[in-house]
Amino acid sequence: MKDKKHIHEHNSIENIKIAFYLNIMFSILEAIGGFLTNSMSIMSDAIHDLGDAFSVGLSYIFERKSKKNPNDKYTYGYLRYSLLGALITSVVLLLGSIFIIYNSIPRIITPEEVNYDGMIIFAIFGVIINGYAAYRTSKGVKANEKVISLHMLEDVLGWIVVLIGSICIKLFELYIIDPILSLLISIYILFHVYKHLKNVFNIFMEKVPSEFRLEEIKEKVTAVNPVIKDIHHIHIWTMDGENNYMTAHILLNGIVSEKEVIKLKKSIKETLNDLNIFHVTLEIEYKNEVCNDKNCDKAI
Ligand SMILES: [Zn+2]
Ligand SMILES: [Zn+2]
Ligand SMILES: [Zn+2]
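Okay, structure coming up:
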């Protein structure tokens, strides 16, 4: 069992490495190809692949760092390292897209000639090589491997679009198609950047993760046992989009023995664990206790 896992880990790292090198290679070749054919759409594909390479490479580095154990100085551990990759990749893609858009707009106004035959040959190679890479990485089972193979598939589609575009340029001598395609590809990239940044921003704001509804959690916790009169001052946040934390006050009704409190806390935590909230801190309050959290009196 242990060996099987080891082999899988090994394959998974191999696949990630292959994906990284392929993307870097594509990106450089596309930059050269884009330059030689004078095509902005191939250039924008180069930026897209550069972003993918960054994303794959950084997620590999930061994943490992984020798994380091907590210590006296970093009591949460290093989980948020995994966000850093998304942040850096987003900046790379953002700058790349701005560069492409900045260069494409003048070409829409006055289209420049492109070497469409070169583009067609390039795109055919792109479809074949990227198609093979997508096939190769599609065997991965882990979440990040699936993401990588999806990216590869996306790249194949990108190449098909460039191929069709360059055939149209050849047939109709419509050079404006090239900058239009590159704008569309840039908008597509920016849409992804927006999604990633929004996710990072929500974690930064310690927003309640989207899979939870506070009302539902309140209901579930109070349903654990009739002695639970109220749950309030709830905080739910996620460290990295996967590890969820929660603190809350639990008000108990009537006289409850130590044994019962211990049992109660255990069942509340089990209920929350089932919802995928694992790091739970509960403050137990009693009927005659006055709860005044001065620092947090606006809390729910
Ligand atoms: Zn703890
Ligand atoms: Zn309270
Ligand atoms: Zn608070």
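For the record, in the sequence shown the residue sitting at position 82 is 529 according to the numbering used here, with numbers rising by one throughout.
Here a beta-carbon is modelled for each residue, glycine too, at the ideal position from N, C-alpha and C.
*When the distance is taken between beta carbons, is ILE611 closer than 8 Å to SER491?*
For the purposes of this step, residue 491 is taken as the residue at position 44 of the sequence shown. For the purposes of this step, residue 611 is taken as the residue at position 164 of the sequence shown. No, the Cβ-Cβ distance between SER491 and ILE611 is not below 8 Å.
*Check whether the Cβ of HIS682 lies closer than 7 Å to any heavy atom of ligand 2, and answer yes or no.*
The residue labelled residue 682 in the question sits at position 235 within the sequence shown. Not so, every heavy atom of ligand 2 lies at least 7 Å from the Cβ.
*asked:* Need the endpoints of the beta strand (DSSP E) that TYR676 sits in, please.
replied: To locate residue 676, count along the sequence shown from 1; it is residue 229. Correcting the residue type first, residue 676 is Lys in the shown sequence and not Tyr. It spans 675-685 - the beta strand (DSSP E) in which LYS676 sits, taken as one unbroken run.
_Host beta strand (DSSP E) of GLU730 (start-end)_ = As a working note, residue 730 is residue 283 in the sequence shown. Segment 726-732, the beta strand (DSSP E) holding GLU730.
*asked:* Taking only three categories from DSSP, how would you classify THR694?
replied: As a position in the sequence shown, residue 694 is number 247, starting the count at 1. Per DSSP, reduced to three states, the secondary structure at THR694 is strand.
*asked:* Please identify the residue among GLY688, GLY573, GLY701, HIS495 whose C-alpha is closest to the C-alpha of ASN672.
replied: One-based indexing of the sequence shown puts residue 672 at position 225. Comparing Cα-Cα distances from ASN672 to each of GLY688, GLY573, GLY701, HIS495, the minimum goes to GLY701.
*Curious, which full-length alpha helix (DSSP H) runs of at least 4 residues does the stretch 551-597 contain?*
563-584
*Extent of the continuous alpha helix (DSSP H) run through PHE638*: Counted from its first residue, the sequence shown places residue 638 at position 191. Counting along the chain, the alpha helix (DSSP H) containing PHE638 begins and ends at 624-651.
*Proximal residues to TRP606 (C-beta, below 8 Å), its chain only, five neighbours per side dropped*: Counting from 1 along the sequence shown, the entry for residue 606 is found at position 159. Within the same chain, TRP606 has close Cβ partners ASP492, ALA570, GLY573, VAL574, ASN577.
*Does the distance from the CB of PHE501 to the CB of SER529 come in under 8 Å?*
By one-based count along the sequence shown, residue 501 stands at place 54. By one-based count along the sequence shown, residue 529 stands at place 82. Result no, Cβ atoms of PHE501 and SER529 do not sit closer than 8 Å.
*With C-beta atoms as the reference, is ASP625 less than 8 Å away from ILE614?*
Counting from one through the sequence shown, the residue named residue 625 turns up at place 178. Counting from one through the sequence shown, the residue named residue 614 turns up at place 167. Taking 8 Å as the Cβ cut-off, ASP625 and ILE614 do not qualify as a contacting pair.
_Within 8 Å, strictly: CB atoms of HIS696 and HIS680_ = Your numbering for residue 696 matches position 249 in the sequence shown. Your numbering for residue 680 matches position 233 in the sequence shown. Yes, these two residues count as a Cβ contact at 8 Å.
*Mind the definition here: the stretch 531-543 touches the stretch 642-650 only if three or more C-beta pairs lie below 8 Å; say whether that holds.*
yes
*Just tell me which of LEU476, LEU497, ILE465 has its CA closest to the CA of ILE636.*
Residue 636 sits at position 189 when you count from the first residue of the sequence shown. It is LEU497 whose Cα lies nearest to the Cα of ILE636.
*asked:* Tell me which residues share the same chain as VAL727 and place their Cβ nearer than 7 Å to its Cβ, disregarding the 5 neighbours each side in the sequence.
replied: Along the sequence shown, read from residue 1 onward, the residue named residue 727 stands at position 280. Counting only Cβ-Cβ distances below 7 Å, and skipping sequence neighbours, we find MET693, LYS716, LEU719.
_Rounded straight-line distance, which links the Cα of ASN723 to that of LYS710_ = As a position in the sequence shown, residue 710 is number 263, starting the count at 1. As a position in the sequence shown, residue 723 is number 276, starting the count at 1. The straight-line gap from Cα to Cα measures roughly 20 Å.
_Any chain C beta carbon closer than 8 Å to SER704_ = No chain C appears in the structure shown, which is made up of a single protein chain.
*C-alpha gap between PRO553 and TYR622, whole angstroms*: The residue you call residue 553 lines up with position 106 of the sequence shown. The residue you call residue 622 lines up with position 175 of the sequence shown. Cα-Cα distance, rounded: 13 Å.
*Taking LEU505 as part of the alpha helix (DSSP H), name the residues at either end of that continuous run.*
Within the sequence shown, residue 505 is the residue found at index 58, counting from 1. Looking at the DSSP string, the run of the alpha helix (DSSP H) that includes LEU505 is 487-513.
*What are the start and end residues of the alpha helix (DSSP H) that includes SER714?*
Along the sequence shown, one-based indexing puts residue 714 at 267. 705-721 is the span of the alpha helix (DSSP H), which, as asked, contains SER714.
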